[in-house]
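A.B. asks: So that we are looking at the same thing, I have put the structure below in structure tokens.
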Amino acid sequence: MKKYILFFAMLLPLFGANDLSDLLNTDLDLKTNAVVKVGTTNVDEPTSLFSLTGQLTSISSYNMVRDFVQAKGIEWYNSNSLGTKLNAELYVDIRLRESIKGYADLAITYNPLGEIGGKNVALVSTNKLTTNYWTLGETNNLILTVKELFIDANIAKVVYLRTGKQVLAWGQGYFWNPSDLINIQKKDFANITTANLTREGTYGIKMHVPFGTTANLYGFLNMKDIKNFDDIGVAGKIEALLFGWEGSVSGVASKGYRPVYAADLTGRIPFINVDVRGEASLSYGDNKNRLYSSNVSITFPITTNYTTYYTQQVSNEWVPRICVGFSKSFDVLDVKDRLTVLGEYFYNAGGYNGDGFRDSDQIKKYALFSLYEPNYFGVHYGFLAVSVSKFILSDMTFNFNVIANCSDWSGVVVAGISYNPVYNFTIGCSLSGNVGTENGEYTLASPYTGLINGMSATVTVALTF
451 MKKYILFFAM LLPLFGANDL SDLLNTDLDL KTNAVVKVGT TNVDEPTSLF SLTGQLTSIS
511 SYNMVRDFVQ AKGIEWYNSN SLGTKLNAEL YVDIRLRESI KGYADLAITY NPLGEIGGKN
571 VALVSTNKLT TNYWTLGETN NLILTVKELF IDANIAKVVY LRTGKQVLAW GQGYFWNPSD
631 LINIQKKDFA NITTANLTRE GTYGIKMHVP FGTTANLYGF LNMKDIKNFD DIGVAGKIEA
691 LLFGWEGSVS GVASKGYRPV YAADLTGRIP FINVDVRGEA SLSYGDNKNR LYSSNVSITF
751 PITTNYTTYY TQQVSNEWVP RICVGFSKSF DVLDVKDRLT VLGEYFYNAG GYNGDGFRDS
811 DQIKKYALFS LYEPNYFGVH YGFLAVSVSK FILSDMTFNF NVIANCSDWS GVVVAGISYN
871 PVYNFTIGCS LSGNVGTENG EYTLASPYTG LINGMSATVT VALTF
């Protein structure tokens, strides 16, 4: 019960907050960031405002296996694949008086070839004493996802509450957020380089108490997959703005998981005008399973030696995760901020350092594959993004992105252009390649087909309304 008492006790000293006319609310994504202004309500104002916006994105890609790219034979052509799908995202925004708001982000994906998903089926025996659960594969052409669905309210315009499914930008990292153990969907490299779609949130209640423009207090009750009160997870964050630098400390705890503590800092270095950001998390033990092995020897009837594998969480040691990054814009050919360079480094103490997937033991490969989490498998990572606006044409932008697992020296390189011939209409094309020696994280052969992704060509068409 201590964590719940702590959460509600956070409210007690906060009703002396004043100067709420300019709220600093940095933990919301742009599409859901509502700035609340304190003032009198005009009786002539409408009782509610309704808006419907969104975007349609068509994505077509041709994926080529490495053997085809390396011209090892035309027979590899049949291993390539052509895919296309259409994504629609609808943003519904309902605003009432007194800063009360409702919001929904609905995503619809149509894939003419279908997407394979799993469905759990319970098989109960005739005597109803035993139940077996099977996961059956099914192909869906149309997928509907509720990414966000929440209601905003407030207590005397001092404490702001949000209840429902929501995305929290819990951390300052551009790509990696080691302190973010709340959102169920992490940032996706393919998404930020092509489609630019929103993420899926988690269900809970968020509290926000602003102290003018200098500090914010956040609390969150994570109510995803709960069955009783003691299953509710708790997170809290305090952030402050001082001399142009913004920093915060936070913590996350829930039943069955080790507490994680975090801190972040972001600001601009004067004179050279470089924006820097850093974020770190620390836990005693790890909440993720790790693969271990042990050697077994059998002497009867004949001597046999073999290796067995098992999973276990790291315990009795501190596990840090650190992310640091920078961004800098340059004026080129009399165009302000025409060139932007962004870089980020991620240290993951809970990752695998070395050639885990390159082990000759096929059983180990399958075991690692079941534990694999994209972009969080290795210990050392790097990310680089270069953007050039007004590239050739005034409405054209060139982008170059690289992500690399520096523990096994594999990575993905993406180069592309986007063109806006009409307002709110974008055409983009990109070419990506998986680089590095075989069976690194980004050059991993499928355990089912044995094939390695080599290169992909993608064309996107997006319409925003």
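Be aware that the sequence shown starts at 451, since it is given in the working numbering, and climbs by one per residue.
No residue lacks a Cβ here, since even glycine has one placed at the ideal position from N, Cα and C.
Everything numeric in this text was worked out from a predicted model, so none of it was measured.
(1) Using only the alpha-carbon positions, how far apart do LEU502 and ALA895 sit?
(2) When DSSP labels each residue in this structure, what does LEU478 get in the three-state scheme?
(3) Hey, could you find the ends of the alpha helix (DSSP H) ARG516 is sitting in?
(4) Let's see if you can read the secondary structure: which residues bound the beta strand (DSSP E) around PRO709?
(5) Which residues bound the beta strand (DSSP E) around LYS738?
(6) Just to confirm the assignment, what range does the beta strand (DSSP E) spanning LYS607 have?
(7) Less than 8 angstroms between the C-beta atoms of ASN537 and GLY564, yes or no?
(8) Looking at the strands, I want to know which residues DSSP matches up with LYS849.
(9) Can you tell me the Cα-Cα spacing of ALA640 and ARG718, whole angstroms?
(10) Just how far apart, CA to CA, sit GLN520 and LYS677?
(11) Whose CA, out of VAL608, TYR711, PHE693, lies closest to the CA of LYS687?
(12) Within 10 angstroms of its Cβ, does TRP768 collect 16 or more other Cβ (buried), or is it exposed?
(13) By Cβ distance below 6 angstroms, which residues in the same chain neighbour ARG545 in space, the five residues on each side in sequence not counted?
(14) With a threshold of 16 other CB atoms inside 10 Å of the CB of THR916, please say whether the residue is buried or exposed.
(15) I need the DSSP call for SER906, collapsed to helix, strand or coil.
(16) Quick one: using the 10 Å Cβ neighbour count with 16 as the cut-off for buried, is GLY804 buried or exposed?
(17) Could you round the C-beta distance between GLY683 and LYS738 to whole angstroms and report it? I think they count as a contact, below 8 angstroms.
(18) Thinking C-alpha only, which one of CYS773, GLY775, VAL774, THR790 is nearest THR781?
(19) Can you list, in chain order, the residues of its chain whose CB lies under 6 angstroms from that of ALA835, leaving out five sequence neighbours each side?
(20) Quick one, which of TYR797, LYS840, ASP845 has its alpha-carbon nearest PHE827's?
(21) Taking C-alpha atoms, which residue in TYR668, TRP626, VAL659 lies nearest to ALA854?
(22) With a Cβ-Cβ cutoff of 8 angstroms, do GLY866 and LEU881 count as a contact?
(23) Within 10 angstroms of its Cβ, does SER733 collect 16 or more other Cβ (buried), or is it exposed?
(24) Among the candidates TRP859, MET905, CYS879, whose CA atom is the shortest distance from the CA of THR887?
(25) Out of LEU631, PRO660, TYR668, which has the shortest C-alpha to C-alpha gap to THR652?
(26) Nearest-angstrom Cα distance between LYS656 and PRO770?
(27) Should ALA912 be labelled buried (16 or more other beta-carbon atoms within 10 Å of its own) or exposed?
(28) Please report how far the alpha carbon of LYS637 lies from the alpha carbon of PRO628, in whole angstroms.
(29) With a 10 Å radius around its C-beta and 16 neighbouring C-beta atoms as the bar for buried, classify TRP695 as buried or exposed.
(30) Taking the alpha carbon of SER700 as the point to measure from, which residue in TYR624, TRP620, GLY662, LEU647 has its own alpha carbon closest?
(31) For ILE524, does the three-state DSSP call read helix, strand or coil?
(32) Starting from the C-beta of GLU539, find all residues in its chain whose C-beta is less than 6 angstroms away, skip the five residues before and the five after it, and write them out in chain order.
(33) How many Å lie between PHE915 and ARG708 at the Cα?
(34) Looking only at its own chain, which residues have a Cβ that is under 8 angstroms from the Cβ of LEU480, when we skip the five neighbours before and after it?
(35) What residue ranges within the stretch 634-682 form continuous beta strand (DSSP E) runs of no fewer than 3 residues, ordered along the chain?
(36) Which term fits SER906, buried or exposed, when burial requires 16 or more other beta carbons within 10 angstroms of its beta carbon?
C.D. replies: Answer, in terms of the structure:
(1) Per the coordinates, the alpha-carbon of LEU502 lies some 43 angstroms from the alpha-carbon of ALA895.
(2) Note that LEU478 scores a pLDDT of 35, beneath 50, so its modelled location is shaky; the value from the coordinates is reported in the next line. Coil at LEU478, not helix or strand.
(3) DSSP places ARG516 in the uninterrupted alpha helix (DSSP H) bounded by 516-519.
(4) Start and end: 707-719.
(5) Segment: none, LYS738 is in no beta strand (DSSP E) and carries neither H nor E.
(6) The continuous stretches of beta strand (DSSP E) do not include LYS607, and DSSP gives it neither H nor E.
(7) By the CB criterion at 8 angstroms, ASN537 and GLY564 fall outside the cutoff.
(8) Before going on, a small fix: residue 849 reads as Asn here, not Lys. Answer is SER837, GLY866, bridged to ASN849.
(9) Between ALA640 and ARG718, the C-alpha separation is close to 28 angstroms.
(10) Rounded to whole angstroms, GLN520 to LYS677 spans 53 angstroms at the Cα level.
(11) Just measuring C-alpha positions, the residue of VAL608, TYR711, PHE693 sitting nearest LYS687 is TYR711.
(12) Classification of TRP768: exposed, given that the 10 Å Cβ count is below 16.
(13) Its chain contains LEU499, LYS551 as the residues whose beta carbon lies nearer than 6 angstroms to that of ARG545, once the 5 sequence neighbours on both sides are disregarded; these appear in chain order.
(14) Residue coverage of the chain in this structure runs from 451 to 915, which leaves residue 916 outside it and unanswerable.
(15) Reduced to three states, the DSSP call for SER906 is strand.
(16) Classified as exposed, GLY804 has fewer than 16 neighbouring CB atoms from the shown chains inside 10 Å of its CB.
(17) Taking 8 angstroms as the upper bound for CB-CB distance, GLY683 and LYS738 are not in contact here, some 16 angstroms apart.
(18) A small correction: the amino acid at residue 781 is Asp; Thr does not occupy that position in the sequence shown. The residue with the shortest Cα to Cα distance from ASP781 is THR790.
(19) Counting only Cβ-Cβ distances below 6 angstroms, and skipping sequence neighbours, we find LEU792, ASN851.
(20) That would be TYR797, whose Cα lies nearest to the Cα of PHE827.
(21) Ranking the options by Cα distance to ALA854, first place goes to TRP626.
(22) With respect to LEU881, GLY866 sits close: the two C-beta atoms are nearer than 8 angstroms.
(23) By the 10 Å Cβ count, SER733 comes out buried.
(24) Per the C-alpha coordinates, the member of TRP859, MET905, CYS879 positioned closest to THR887 is TRP859.
(25) For THR652, the closest C-alpha among the options LEU631, PRO660, TYR668 is that of LEU631.
(26) Computed Cα separation, rounded: 26 angstroms.
(27) In this structure ALA912 is buried. Its beta-carbon is surrounded by 16 or more other beta-carbon atoms within 10 angstroms.
(28) Their Cα atoms are separated by approximately 12 angstroms.
(29) Result: exposed.
(30) Comparing Cα positions, the closest option is TRP620.
(31) Three-state DSSP puts ILE524 in a helix.
(32) Closer than 6 angstroms at Cβ, skipping near neighbours: GLY504, GLN505, ALA557.
(33) Their Cα atoms are separated by approximately 43 angstroms.
(34) Below a pLDDT of 50, predicted positions are generally treated as unreliable, and LEU480, at 32, falls in that range; the measurement from the model is reported next regardless. Its chain contains no residue whose beta carbon lies nearer than 8 angstroms to that of LEU480 once the 5 sequence neighbours on both sides are disregarded.
(35) The qualifying runs are 652-661, 665-672.
(36) Burial of SER906 is indicated by the presence of at least 16 other C-beta atoms within 10 angstroms of its C-beta.
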